[in-house]
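Be aware that the sequence shown starts at 51, since it is given in the working numbering, and climbs by one per residue.
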Amino acid sequence: MNDIDPRSLSRSVRDPLLGELGELLPPPPVPEFGPERQREVRRELMASVRPSRPAGWWTRRAVRFAVPAVVCGIAAGAVLVAAPPEPRGPRPAVRAEGATAVLSRAALAAASAPAPDARPEEFVYVESLVSRAGLPAGGGAAVVEPVHRRQVWLSADGSRAGLLREEGAADSELSPRLPVYELDRPGAEPRRTYLESGGPSVTEPTHAFVAGLPTDPEALLRLVREQTRTGDGDADQRAFAAIGTLLAETWAPPEVTAALFEAAGRIPGVVVVPSARDAAGREGVAVARTSGAERTQWVFDRSTSAFLGERTVLVSASAAGAAGTVLSETAVLRKAAVARVGQVPG
51 MNDIDPRSLS RSVRDPLLGE LGELLPPPPV PEFGPERQRE VRRELMASVR
101 PSRPAGWWTR RAVRFAVPAV VCGIAAGAVL VAAPPEPRGP RPAVRAEGAT
151 AVLSRAALAA ASAPAPDARP EEFVYVESLV SRAGLPAGGG AAVVEPVHRR
201 QVWLSADGSR AGLLREEGAA DSELSPRLPV YELDRPGAEP RRTYLESGGP
251 SVTEPTHAFV AGLPTDPEAL LRLVREQTRT GDGDADQRAF AAIGTLLAET
301 WAPPEVTAAL FEAAGRIPGV VVVPSARDAA GREGVAVART SGAERTQWVF
351 DRSTSAFLGE RTVLVSASAA GAAGTVLSET AVLRKAAVAR VGQVPG
């Protein structure tokens, strides 16, 4: 048989032929970068982010970087982020691969954020907008409270009492020791003692504890699972909820926050929701996980990939209400270090 020069063929014949031949070849190897090169590429990628860009710009900009694993995942997930508006009605979840890409991009953004500057003797201040639903004592659907401001002061090293302040409620002391009232005998005056805390953990974190969390996503996820073994819901949902609380309620170092996002991407059942809003009304892309009738969503800014807040929505009717009912929502507004309880950063 005579050899055929592909250049002698017409484009309509040559292009399909070359495509079929290309499918028979093994994929080209992806270069592995060392730690220094990975950090350099991460800086280059994050330096290209501009809040004024339209949502769809990630589709083309991300693929300029020939990086393995995480950045290649960003290019794949960017199309999901830039998806057109969905029709009215329930929003379907998108394939799980998209959630990994969104969380990887959030990890890159977090890794470039300024590090917390809280000293051990100071307090971490977290300000947010919140709304929660409660079930009436007499039964019936959940009653959702109005969105209101929430401020919390947490001792950086856990040695001093903190403070919780919410609009419409009395201030609550956040003590490192739990008060316990004991009776020496029937009719006696209750005697107040304190139950010492079992120490900081994933579910009862201090700033110092969070700062020391593993920065390897696999090790971090193992720790979260170990410390959330008991409780309601399935184990994956407990881990997802615990990580969400750490993101919203603590001020972790950039490398820890990045590891939290990457650890969440390893939890089965996490998917992408193309559009969601936080308690401040800020619209973004979300990742979510459903357990029972409830779906918990983490909302991210489309342009910067910054974590905006959480929301929990009923995906099917339950005793709490109809499908679509928002059971809780938050919007993280500010995190800072202050010298004393009650002090608001300027």
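Idealized CB from N, CA, C, for every residue including glycine.
What's the call for residue i, buried or exposed, on a 16-neighbour Cβ count within 10 Å?
i: G212; result: buried
i: R279; result: exposed
i: S205; result: buried
i: A149; result: buried
i: P240; result: exposed
Where residue i and residue j are concerned, what is the direct C-alpha to C-alpha distance, given to the nearest angstrom?
i: V320; j: D286; result: 9 angstroms
i: G371; j: A314; result: 28 angstroms
i: L377; j: A238; result: 43 angstroms
i: G281; j: V363; result: 20 angstroms
i: L158; j: P304; result: 9 angstroms
i: L185; j: A219; result: 18 angstroms
i: V193; j: A373; result: 14 angstroms
i: P168; j: A367; result: Correcting the residue type first, residue 168 is Ala in the shown sequence and not Pro. Roughly 44 angstroms separates the two Cα atoms.
i: V322; j: G190; result: 31 angstroms
i: R269; j: P236; result: The question names Arg, but residue 269 is Ala in the sequence shown. About 50 angstroms.
i: Q393; j: A163; result: 24 angstroms
i: T265; j: T375; result: 36 angstroms
i: P267; j: R345; result: 23 angstroms
i: E276; j: A156; result: 25 angstroms
i: S341; j: L271; result: 19 angstroms
i: S353; j: S222; result: 37 angstroms
For a quick check, are the C-beta atoms of residue i and residue j less than 9 angstroms apart?
i: A308; j: A160; result: yes
i: V349; j: A326; result: yes
i: R390; j: E379; result: no
i: T300; j: T253; result: no
i: V274; j: A298; result: no
i: F357; j: S154; result: no
i: L224; j: V260; result: no
i: P166; j: A302; result: yes
i: V365; j: A343; result: yes
i: D351; j: R339; result: no
i: V176; j: R384; result: yes
i: V197; j: A386; result: no
As a quick exercise: from the options, pick the residue whose alpha carbon is nearest that of residue i.
i: S355; options: V335, T340, A343; result: V335
i: F173; options: A381, G208, H198; result: G208
i: E171; options: G396, V382, E276, V388; result: V388
i: A187; options: G392, A369, V322; result: A369
i: P318; options: P324, F259, V180, D284; result: D284
i: P255; options: A292, G359, A165; result: A292
i: E195; options: E216, D221, P236, Y175; result: E216
i: R182; options: R200, A386, V176, G190; result: R200
i: V324; options: A330, Q347, S341; result: The residue you asked about is not Val; residue 324 is Pro in the sequence shown. For P324, the nearest C-alpha among the options comes from Q347.
i: P250; options: D266, G262, T375; result: G262
i: L179; options: D328, T375, G392, A386; result: D328
i: G359; options: V337, S341, R272, S353; result: V337
i: H257; options: R210, L271, S341; result: R210
Kindly say whether residue i, judged by its beta-carbon, lies nearer than 9 angstroms to any beta-carbon of chain D.
i: P303; result: The displayed structure is made up of one protein chain only, and chain D is not part of it.
(request) Counting only runs of 4+ residues fully inside the segment 145 to 198, write out the alpha helix (DSSP H) ranges in chain order. (result) 146 to 161
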